[in-house]
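Going down the list, the protein sequences come from chains A and B. Terminal number for the first sequence in full-length UniProt numbering: 134, no gaps in between. Terminal number for the second sequence in full-length UniProt numbering: 183, no gaps in between.
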Amino acid sequence: MGHLTHDEFFTSLTSLFTTSKSSPKGSIILTQKRLSYNQPTPQPSESNDTFPDLNLASPLPLIIHATNAKSKEDRKAGKKIRLSTVVNPDDLEGFYSRYAEVCRAGMAGLKPRDRTKRKAKAKGRKKKGAVAAA
Amino acid sequence: MPYYEKSEDWLHQSSLLLQARPATTRITTRYHIKPARRATKPTKTTADDGASDPTTTTPAAKQEEQDSKPPRGHLVLKTYDPESGVTLKYKTSKAAEVGRLVSMLGNLGRRMSGLPPDPSSAGAVDEEKGGNAAAAQSQDVEMVDASASGTQTPTTAAAAAVQEKQEKAAVNAGKGKKKKGKR
Chain A
1 MGHLTHDEFF TSLTSLFTTS KSSPKGSIIL TQKRLSYNQP TPQPSESNDT
51 FPDLNLASPL PLIIHATNAK SKEDRKAGKK IRLSTVVNPD DLEGFYSRYA
101 EVCRAGMAGL KPRDRTKRKA KAKGRKKKGA VAAA
Chain B
1 MPYYEKSEDW LHQSSLLLQA RPATTRITTR YHIKPARRAT KPTKTTADDG
51 ASDPTTTTPA AKQEEQDSKP PRGHLVLKTY DPESGVTLKY KTSKAAEVGR
101 LVSMLGNLGR RMSGLPPDPS SAGAVDEEKG GNAAAAQSQD VEMVDASASG
151 TQTPTTAAAA AVQEKQEKAA VNAGKGKKKK GKR
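In structure tokens, the structure reads:
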């Protein structure tokens with residue numbers, strides 16, 4: 001499967017998260033790494049530099065993968081979804097702000113911010129104060 | 001394969017790993033949901049009720065718990081470098097952290113692509129603390145690569161020595177060394 005554009009990637013990722021919401025279990029795996037395939041990076045043997053990957057002439061793009069991690073029967077049934085997109089160094093900031101939005105909306109299975117504890121604490125303090133006054 | 005207690009520690013160590021091996025290190029974010037175990041929940045709620053005033057909004061809280069019962073998710077961030085086998089992990093189940101964690105991913109993404117870290121945000125990982133651990137990290141790389149290529153330029157060796165001095169001077173140095181052993 002080829003690489004998607006950012007818009008396609010985000011719409012597909014959103015639908016991936018929504019389908020995961022409807023089922024009681026499942027995973028979504030997101031990966032990011034430097035895209036060095038087919039890129040103009042010098043091979044270690046070609047240059048005198050000991051670490052050619054540490055001193056790049058120009059920044060390299062990143063590749064982002066997303067998958068629903070289906071395997072075995074589900075995979076055979078064609079339920080495995082894999083998405084990839086390439087992010088150029090100039091677009092990093094814009095991409096990650098959208099990425100954060102999609103992740104925040106999609107990861108609904110996490111614990112929401114717990115406000116009950118704070119309330120209980122405030123109550124406890126009030127009580128303590130009352131005891132001290134008495 | 002340690003799990004870090006704090007996301008900041010994970011970010012710090014991951015940025016050091018990326019600094020050393022930007023070409024091979026990858027970051028995986030795993031979001032996983034599974035049905036919650038029901039057996040443990042009721043005892044918890046009763047304990048809470050006992051602690052707090054009985055006339056509080058417990059019915060609402062209970063309903064909230066029931067609503068949130070079926071799926072319980074967690075998020076695992078993992079930085080892995082297949083070449084050296086370094087794995088750094090952080091696990092959370094709090095929704096409030098997601099935004100911050102993704103911005104951390106963005107910061108690390110900058111390092112990954114070869115851009116300088118963003119000075120405005122957490123990319124400028126506390127320099128004082130960072131220096132020592134960075135020394136340990138770079139020494140690691142030094143040794144690995146020296147054995148691989150058989151050459152070590154005098155300048156890098158000197159730099160390593162200087163960093164070693166700094167390491168000795170600082171208290172935090174022990175931290176970095178311990179982690180070295182754990183890997």
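Glycine included, every Cβ here is placed at the ideal spot set by N, Cα and C.
- Rounded to whole angstroms, the separation of the alpha carbons of A120/A and K80/A is 45 Å.
- In the three-state DSSP reduction, D81/B falls in the strand class (E or B).
- The criterion of a C-beta distance shorter than 8 Å is not satisfied by L110/A and S12/A.
- With its beta carbon less than 8 Å from one in chain B, L30/A belongs to the interface.
- DSSP places H12/B in the helix class (H, G or I) of the three-state scheme.
- When C-beta atoms of the region 82 to 98 of chain A are compared with those of the region 70 to 88 of chain B, fewer than three pairs fall below 8 Å, so the two segments do not count as touching.
- Put simply, the CB of P59/A is near chain B, with a gap under 8 Å to one of its CB atoms.
- At a cut-off of 8 Å between beta carbons, R125/A makes no contact with chain B.
- Beta-bridge partners assigned by DSSP to K89/B: Y3/B and K78/B.
- Taking the C-beta atoms as reference points, T116/A is found no nearer than 8 Å to H3/A.
- Within 7 Å of the CB of Y99/A, the CB atoms of chain B belong to V102, in sequence order along the chain.
- Taking the beta carbon of R82/A as reference, no residue of chain B falls within 8 Å; the closest one sits roughly 14 Å away.
- Secondary structure within the region 15 to 92 of chain A: the alpha helix (DSSP H) runs of 4 or more consecutive residues, fully enclosed, are 73 to 76 (chain order).
- R110/B has a beta carbon lying within less than 8 Å of a beta carbon in chain A.
- In terms of Cβ geometry, L105/B and Q32/A form a close pair [threshold 8 Å].
- Between V102/A and T5/A, the CB-CB gap reaches or exceeds 8 Å.
- Per DSSP, R100/B is one residue of the alpha helix (DSSP H) stretching across V98 to S113.
- At least one CB atom of chain B sits nearer than 8 Å to the CB of S27/A.
- The beta-carbon of Y37/A is placed no less than 8 Å from the nearest beta-carbon of chain B.
- For V86/B, not one C-beta of chain A is nearer than 8 Å to its own C-beta.
- Neighbours of L17/B in chain A, taken as residues at a C-beta separation under 7 Å, are lacking, since the least C-beta distance is about 12 Å.
- S7/B has its alpha-carbon roughly 17 Å from the corresponding atom of V86/B.
- For S93/B, the nearest CB of chain A lies under 8 Å from its own CB, placing it at the interface with that chain.
- At a cut-off of 8 Å between C-beta atoms, L56/A counts as an interface residue with respect to chain B.
- Taking C-beta separations shorter than 6 Å and ignoring five residues to either side along the sequence, the partners of T28/B in its chain run K78, following chain order.
- In the DSSP assignment, R30/B falls within the unbroken beta strand (DSSP E) covering R26 to P35.
- Pairing K25/A with S58/A, the inter-Cα distance amounts to about 42 Å.
- Within a 10 Å sphere around the beta-carbon of P22/B sit 16 or more other beta-carbons, which makes this residue buried.
- With respect to Y90/B, Y3/B sits close: the two C-beta atoms are nearer than 8 Å.
- The C-beta distance from A100/A to G99/B rounds to 5 Å, short enough to meet the 8 Å contact threshold.
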